[in-house]
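K.L.:
Chains as they are written, first to last, in the working numbering: chain A, 1 to 395; chain B, 1001 to 1395; chain C, 2001 to 2395; chain D, 3001 to 3395.
The beta-carbon is built from N, C-alpha and C at its ideal position, and this holds for glycine as well.
This one's a predicted model, so the numbers in the text were calculated from it and none came from an experiment.
There are 4 protein chains.
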Amino acid sequence: MVGLGGAVATTAVAGLDLLRAGGDTAGLPLAGLAVDGRPVEAATGMVEYTDLVVGGWDLDGSDLRKAAEQHGVLDHHQLAQAGPYLSSVTPWPAAGDADFCRNVTGGNVVLAETRRAQVDAVRADLVRFREEERLDGLVLVNLASTERWPDPAAPALQSTEAFEAGLDADDRSITPSMVYAYAAIAEGVGYVNFTPSLAADVPALVELAERHGVPVAGKDGKTGQTMMKTVLAPAFRSRALTVEGWYSTNILGNRDGLALDDPASLQSKLQTKGSVLDSILGYPVEDHVVRIDYYRPRGDQKEAWDAIDLVGFLGQRMQVKVDFLCRDSILAAPLAIELARLTDLAQQRGQGGVQTQLGWFFKAPMTPDGSTPEHALHRQERVLLDWVTTGATGR
Amino acid sequence: MVGLGGAVATTAVAGLDLLRAGGDTAGLPLAGLAVDGRPVEAATGMVEYTDLVVGGWDLDGSDLRKAAEQHGVLDHHQLAQAGPYLSSVTPWPAAGDADFCRNVTGGNVVLAETRRAQVDAVRADLVRFREEERLDGLVLVNLASTERWPDPAAPALQSTEAFEAGLDADDRSITPSMVYAYAAIAEGVGYVNFTPSLAADVPALVELAERHGVPVAGKDGKTGQTMMKTVLAPAFRSRALTVEGWYSTNILGNRDGLALDDPASLQSKLQTKGSVLDSILGYPVEDHVVRIDYYRPRGDQKEAWDAIDLVGFLGQRMQVKVDFLCRDSILAAPLAIELARLTDLAQQRGQGGVQTQLGWFFKAPMTPDGSTPEHALHRQERVLLDWVTTGATGR
Amino acid sequence: MVGLGGAVATTAVAGLDLLRAGGDTAGLPLAGLAVDGRPVEAATGMVEYTDLVVGGWDLDGSDLRKAAEQHGVLDHHQLAQAGPYLSSVTPWPAAGDADFCRNVTGGNVVLAETRRAQVDAVRADLVRFREEERLDGLVLVNLASTERWPDPAAPALQSTEAFEAGLDADDRSITPSMVYAYAAIAEGVGYVNFTPSLAADVPALVELAERHGVPVAGKDGKTGQTMMKTVLAPAFRSRALTVEGWYSTNILGNRDGLALDDPASLQSKLQTKGSVLDSILGYPVEDHVVRIDYYRPRGDQKEAWDAIDLVGFLGQRMQVKVDFLCRDSILAAPLAIELARLTDLAQQRGQGGVQTQLGWFFKAPMTPDGSTPEHALHRQERVLLDWVTTGATGR
Amino acid sequence: MVGLGGAVATTAVAGLDLLRAGGDTAGLPLAGLAVDGRPVEAATGMVEYTDLVVGGWDLDGSDLRKAAEQHGVLDHHQLAQAGPYLSSVTPWPAAGDADFCRNVTGGNVVLAETRRAQVDAVRADLVRFREEERLDGLVLVNLASTERWPDPAAPALQSTEAFEAGLDADDRSITPSMVYAYAAIAEGVGYVNFTPSLAADVPALVELAERHGVPVAGKDGKTGQTMMKTVLAPAFRSRALTVEGWYSTNILGNRDGLALDDPASLQSKLQTKGSVLDSILGYPVEDHVVRIDYYRPRGDQKEAWDAIDLVGFLGQRMQVKVDFLCRDSILAAPLAIELARLTDLAQQRGQGGVQTQLGWFFKAPMTPDGSTPEHALHRQERVLLDWVTTGATGR
């Protein structure tokens, strides 16, 4: 995991430790799923939760117990129980570039001056981790803070060859998240981007993934407000209630919120949130406003408030307000865990390239050719379950 | 329509008049639906909106213009435009029984002392209307105020024979809504129950409908809060967010609200709302509370507020609040219209008995054998559209 | 305190212990108040928080640590810190009568068969406590669950003499809360009723308090929704916004909520909540609806939702929604503590009878003659502060 | 009125016409106020609503009927009734400067190239209007869209002499709103600034007002969210509930909202909203966030949503959410009318300079010396009513 000391990753790591100690699987979407009457793991070869081992990078080198105390996600008992294990996990030095994520910095930096040197360091970490832990499979999940987007049309991002040259030339349109994505793919390691950063969603890296037969998935975990949007919007369409406007505001106070306090990072986030509505509804919602504000008092307890204006029969207007008092990491961590299991399963099935069937997890699902993805949660769910059960990709 | 002078029926009648005058089809779920590239009407024989003719009963004998003015649903321009037509429509004398719906009364009562005499009067109205308007098809839609439920296990409701005997004996377990349902079915007229009243949902009338090959559908139109519930609950299940409690309150100030101010009628309503959640989620929600309160200032502008308590990963708690500022009749009228068209289509297709494929419209969908129906809106939508397109019943 | 094992009382006792250990005075309204440049305690003789000693009765005889664990109000650290002291406090056997509060029962009952014997037992407890703790002053605060109201016009409640006779005759119109109130007053102990129970708010006990020069105050602590009402309503009046309707719903899951699940107790509560609005606004709000529902998942975390309909200039309508996610005991406990200090101060000042200046604390402030009290929070605050500073009673 | 064609002014003009036709005084705060048992007008000489005559400027030269149709504030009947009068009122050419309010433009511009020439044109309009209408008194109310603030420390704004020189030199730190304020004061006409623009709130114009004995009042009408803030914050302080954070968002779709879509104008607005909380609470709220977003679907129906984080006893946290579905002009127009009456009364009473007693109307009340004003609504109300009744200024 990139961003191992962040709230989502520490919550995932703690949760896996509690599961190994006999904790229950509440909140894990695939827990208890049966395929042909057998547990999904037995039927498909998907890895058990308790067999997962996590390592990763973070700009902050504190051990995960310290990180977890700071995030305040775990309750007192959970912290006490998982504490000893969390103390034993320390992030590896990370490849960062303050230019791309201004509000999150740290001193646990890999000593690598160029993009190419960073790639080499990340690959070395992957090789070492695989050997030390004697892993059967390996997936890299990006949980780092949101980066500023580079120009997606930058030449270095258009083909594998240009990207390779860019790494050598230390091209600044290659962002830290791309360094990790490239390293993973080149090393034959499945890659998942849970953040709004551009990462693997450029022609160069999609091409590389297809060439190496490595699964890639992304981007931006769909946890709170956007998840609700992809649930409500299909229903409004079903009932012929026209969405005249949709005003969304988010307030959150964790490290993610701080990163988004930088307008450049915020812009990345808004881009992945934007197109969801129009695509589901089949017409452009002219007044779709999305706000994200850093608001310290909440910490990890994000609040998402939506004001929706509908027009119904006889042109008459109605309103819906939704206030979601959620917990960012509690929603995200189980999705990150399932993504690791599913990407590994894709790897076992030999299915490389963009994993369309994982769209259920993302605000801006990647498609192999950049075409419009499916956004409605219930249709994404059907595609996902079909794939798990039968291997059908739903393309 | 039974309850022709009510807010839903007058809104439907006005809306159809405005459509005939060239108004648009906003808010009508099947408007613009294409089957194999052709309009659904051309492809399936479904009747056009503009070919529908409406007549019906009401305890209040005022013409529909007066009724519409009182309901306050239409805006000034709509009232002015549809007014002349509405003035020309006057409800027929209705079969009522104050014992079953205490808060709604009126003087426009059919002169029929016994259940059997009421049945005969309703049948005579149906025959006369069909002839006068030279109708190709006829469907009776129950839009009356909510009745108190009789004991569903009453002997008169268990078989066609017992029911016939009950009519002759003027058995008080046969309610006014059953009088209409029986009359329709006996006359070969499709029957839709848009209210929470028990109506056709008893063995005697289901048996009769099957025997005569007449389609019946119900019960209780799913417009506001319950509709949202059947949208949100599948998503919570999909994301493994356990619903620990769901508190729902409704405030409304129209005639429906007044009817529900009678505890006996309220009980009927709560019964049809109750089981939705558990059935979708797959476990019993112990703390599912539903309140409905009559609150005059709102008139037809119903407000539904939900407070939902969720438990996610690591047993941590989250909350969702939904406030739906809706318009009762604006949501209901287009559904009533579509139900008339679809039930007529079933009649054309020769499909009698309980219409399972119409579950998308109802809070408590009838099933032929009383088994648990599908409640999730998106799955109901798929079943409905399949049936429209191919005639598949989804049973 | 009556109801010593309840959530409010245990929170108050724990809070006082934490204050003695150096905790801060957050949430205590009079903390830090200065009178003529001196701390209020030094200037007026009001007792310090850290000099308060608490004892009391409860139908549940568990020690307060067990009680606090069950209520779940204190956080882990607070429970750990106050735990040893809480373990040392055990409620005395209480005088109860299941007929008046059906949903809260317990075995820690005083062995006294008649009203008179109960009075004697309570008085003996007061005398003993005063001696054992060498108290300079003593105040009895009723924090028990809400009782069903007796008929306030019952003869036994109309004069001191009739009440005395009623005690001897074991008259059932004398409720448990009146037993405590009588015992306190007869013993010269100030009496505060923080609950909606009728208690001292009957002519017999007001007369007794005046005769003995004992301060009495009540009733029903104003903590959540009603507090907000008495803040917002004066502002609506100030801005000439007419309140057309006010719909209030409360959901709570603690022992108080369970007590209110009994319709008879609920009725008491609704009575004290009802008249607030009309009195502040100066006109009757016809559509003022108040709902209280027991909803287990929340525990002590009460939620109060208000939907307010306003009419402004040109008769146009507006709405306000307020959702108060509060903590019942966290709001109530500091008020109970301040009431003890203020009632003791009244006692020191020799001011007996109904304490009008304490109206700021109550939903239904008692007045000496039953006249309409002031309800607006900001005016109540001025009266209170004037009295603390100067002793002016504001009558 | 400046901004005569805006939603607030047209609503005020229509409302006064409806009052003259016998409409009721709902929503007018001083309507029905009695002083010593007599109507306030009789007791103090305050002008009657029906004696007010309105004229004014606007960049849009359309008559007010056209303006009112566009704003959509009046309902059908009100528009029909007030329509003939509204048609007869046409705004005078206005003094504008696109540099200060970029999103609101129009062709009805006074032909005056310099600040000095604009002043002369405005003064000429005032003289003409006073003569034509044979007015006993005259007050200029600024209801124009929000301007960008100039540097308040600009030399031209520091003294009357510097300002005069600035007018002659066409100094660009003198904004359009200052042109009107200066013209009014120089002409002996009371001045009210209902907008967030800086206008008369600079030393030069305060000095001028004092020298000429002309009353000035402002700034920024307190109608919706800030009004609620100044109601709730005093209550939180009263109950010792610490405000840890207060997140406020506003969505509105009228011309005001469009003006605020220009970041420079928005900045002015946020400045007048900012300090309210800290001043009432007595400590700085570090996390006080205020957002204003232009959101077309709402038109004049502003929505203000507040999420408030409180800390109470034992450091425990609570939340309040307030959703105010208000109507901007319906709230503002009656305040503008009362301000005209009260400023005229000050003029009658010979009370020049800053009118502190009118702080009840404003988000950022002017004080003569720039000191911190009173913000709590209930204390402002007392000051206002004292002044009306007795002439006491409350300074």
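Using only alpha-carbon positions, find the residue among D:A3240, D:V3231 and D:D3278 that is nearest to G2027 of chain C.
P.N.:
Looking at the Cα atoms, D:A3240 is the closest of the given residues.
K.L.:
Whose C-beta lies closer than 7 Å to the C-beta of R395 of chain A among residues of the same chain, with five residues either side of it excluded?
P.N.:
Low per-residue confidence applies at R395 of chain A: pLDDT is 49, beneath 50, and the placement is therefore not dependable, though the value from the model is reported in the following sentence. Contacts found: T356.
K.L.:
Indicate the three-state DSSP secondary structure (helix, strand or coil) for I1174 of chain B in the structure shown.
P.N.:
Of the three classes helix, strand and coil, the one that applies to I1174 of chain B here is coil, per DSSP.
K.L.:
Quick one: give me the first and last residue of the alpha helix (DSSP H) that A304 of chain A is part of.
P.N.:
No alpha helix (DSSP H) holds A304 of chain A; the beta strand (DSSP E) holding it covers E303 to V311.
K.L.:
If you follow the alpha helix (DSSP H) that H2077 of chain C is in, where does it begin and where does it stop?
P.N.:
Run containing H2077 of chain C: H2076 to S2087, per the alpha helix (DSSP H) assignment.
K.L.:
Leaving out the 5 sequence neighbours to the left and right, which residues in its chain are closer than 7 Å to Q118 of chain A when beta-carbon positions are compared?
P.N.:
The residues are A95, V110, A112 and V179.
K.L.:
Please list, in chain order, the chain D residues whose beta carbon lies closer than 9 Å to that of H1378 of chain B.
P.N.:
Here the premise fails: no neighbours, minimum Cβ distance about 26 Å.
K.L.:
What residues in the segment 3062–3086 of chain D have a beta carbon less than 9 Å from any beta carbon of chain B?
P.N.:
Cβ contacts with chain B: D3075, H3076 and H3077.
K.L.:
Using three-state DSSP, classify A1217 of chain B as helix, strand or coil.
P.N.:
In the structure shown, A1217 of chain B sits in a strand (DSSP, three-state: E or B).
K.L.:
Which residues, taken in chain order from the segment 2298–2331 of chain C, show a beta carbon closer than 7 Å to some beta carbon of chain D?
P.N.:
Going along the segment 2298–2331 of chain C in chain order, one finds V2311, G2312, F2313, L2314, G2315, Q2316, M2318, Q2319, V2320, K2321, V2322, D2323, F2324, L2325, C2326, R2327, I2330 and L2331 with a Cβ nearer than 7 Å to chain D.
K.L.:
Measuring CA to CA, which of D:P3155, D:V3354, D:R3298 and D:L3281 is closest to T3230 of chain D?
P.N.:
T3230 of chain D has its Cα closest to that of D:L3281, out of D:P3155, D:V3354, D:R3298 and D:L3281.
K.L.:
Might you give, ordered along the chain, the residues of its own chain that have their beta carbon closer than 6 Å to the beta carbon of G245 of chain A, omitting 5 neighbours on each side?
P.N.:
Cβ neighbours of G245 of chain A beyond the five flanking positions: D287 and D309.
K.L.:
Distance check for F2236 of chain C and G1406 of chain B, CA to CA, integer angstroms please.
P.N.:
Any question about residue 1406 of chain B goes unanswered here, given that chain B covers just 1001 to 1395.
K.L.:
What residues from the segment 2107–2125 of chain C come within 8 Å of chain B, judged by C-beta to C-beta, listed N to C?
P.N.:
Answer in chain order: no residues at all.
K.L.:
Under DSSP, the alpha helix (DSSP H) around R3116 of chain D begins and ends at which residues?
P.N.:
Unbroken alpha helix (DSSP H) run through R3116 of chain D: R3115 to E3132.
K.L.:
Please list the residues of the segment 2230–2243 of chain C that have a C-beta atom closer than 8 Å to any C-beta atom in chain D, keeping them in chain order.
P.N.:
Within the segment 2230–2243 of chain C, the qualifying residues are V2231, L2232, P2234, A2235, S2238, R2239, A2240, L2241 and T2242.
K.L.:
Would you say G1257 of chain B reaches chain C, if we count a Cβ-Cβ gap shorter than 9 Å as a contact?
P.N.:
For G1257 of chain B, the answer is no, since every Cβ of chain C falls outside 9 Å of its Cβ.
K.L.:
Rounded to whole angstroms, what's the CA-CA distance from D3058 of chain D to L3004 of chain D? Just pull it up for me.
P.N.:
When rounded, the distance between both Cα atoms is 5 Å.
K.L.:
Can you pull the chain D residues whose beta carbon is under 7 Å from the beta carbon of Y283 of chain A, in chain order?
P.N.:
Ordered by position in chain D, no residue passes the 7 Å Cβ test against Y283 of chain A, which lies about 14 Å from the chain.
K.L.:
Can you give me the C-alpha to C-alpha distance between L277 of chain A and R3130 of chain D, rounded to a whole angstrom?
P.N.:
Their backbone Cα atoms lie some 56 Å apart in a straight line.
K.L.:
Just how far apart, CA to CA, sit T1389 of chain B and F1361 of chain B?
P.N.:
Rounded to the nearest angstrom, the two C-alpha atoms are 17 Å apart.
K.L.:
Check each candidate in A:V122, A:A68, A:T90 and A:N254 and name the one with the smallest Cα separation from A80 of chain A.
P.N.:
Ranking A:V122, A:A68, A:T90 and A:N254 by Cα distance to A80 of chain A puts A:A68 first.
K.L.:
By the 9 Å beta-carbon criterion, what residues does the segment 1015–1029 of chain B contribute toward chain A?
P.N.:
Within the segment 1015–1029 of chain B, the residues whose Cβ lies closer than 9 Å to some Cβ of chain A are G1015, L1018, G1023, D1024, T1025, A1026, G1027, L1028 and P1029, listed in chain order.
K.L.:
Determine, using beta-carbon pairs with one atom in the segment 338–348 of chain A and one in the segment 130–142 of chain A, whether at least three such pairs fall under 8 Å.
P.N.:
Because the criterion of three Cβ pairs below 8 Å is met, the segment 338–348 of chain A and the segment 130–142 of chain A touch.
K.L.:
Going by alpha carbons, who is nearest to I1337 of chain B out of A:R341, A:E338, A:F313 and A:L339?
P.N.:
The option with the nearest alpha carbon to I1337 of chain B is A:F313.
K.L.:
How about M228 of chain A and V141 of chain A: are their beta carbons less than 9 Å apart?
P.N.:
Not in contact: M228 of chain A and V141 of chain A (Cβ atoms no closer than 9 Å).
K.L.:
Can you give, in chain order, each stretch of the beta strand (DSSP E) that sits fully within the segment 1136–1213 of chain B and has at least 3 residues?
P.N.:
You should have 1139–1142 and 1190–1193.
K.L.:
Are the C-beta of E2041 of chain C and some C-beta of chain D separated by less than 9 Å?
P.N.:
No, its Cβ sits nowhere closer than 9 Å to a Cβ of chain D.
K.L.:
Could you check whether R3115 of chain D and D3171 of chain D sit closer than 9 Å to each other, using their CB atoms as the reference points?
P.N.:
Yes, these two residues count as a Cβ contact at 9 Å.
K.L.:
For a cutoff of 9 Å on Cβ pairs, would you count R1291 of chain B as touching chain C?
P.N.:
Judged by the 9 Å Cβ criterion, R1291 of chain B is in contact with chain C.
K.L.:
Determine the contact status of G1352 of chain B and V1127 of chain B, defining contact as a CB-CB distance below 9 Å.
P.N.:
No, these two residues do not count as a Cβ contact at 9 Å.
K.L.:
Can a CB atom of chain A be found closer than 9 Å to the CB of M1228 of chain B?
P.N.:
It does; some Cβ of chain A falls within 9 Å.
K.L.:
Residues of chain G with a CB under 9 Å from the CB of D3262 of chain D: which are they?
P.N.:
In the structure shown, chain G cannot be found, because the protein chains are A, B, C and D.
K.L.:
For A3333 of chain D, decide whether its Cβ has a neighbour in chain C, counting only Cβ atoms nearer than 9 Å.
P.N.:
True, the Cβ-Cβ gap to chain C drops below 9 Å.
K.L.:
Which residues in the same chain have their Cβ closer than 7 Å to the Cβ of I3292 of chain D, if we skip the five residues on either side of it in sequence?
P.N.:
Here the set comprises N3250, L3260, L3266 and K3269.
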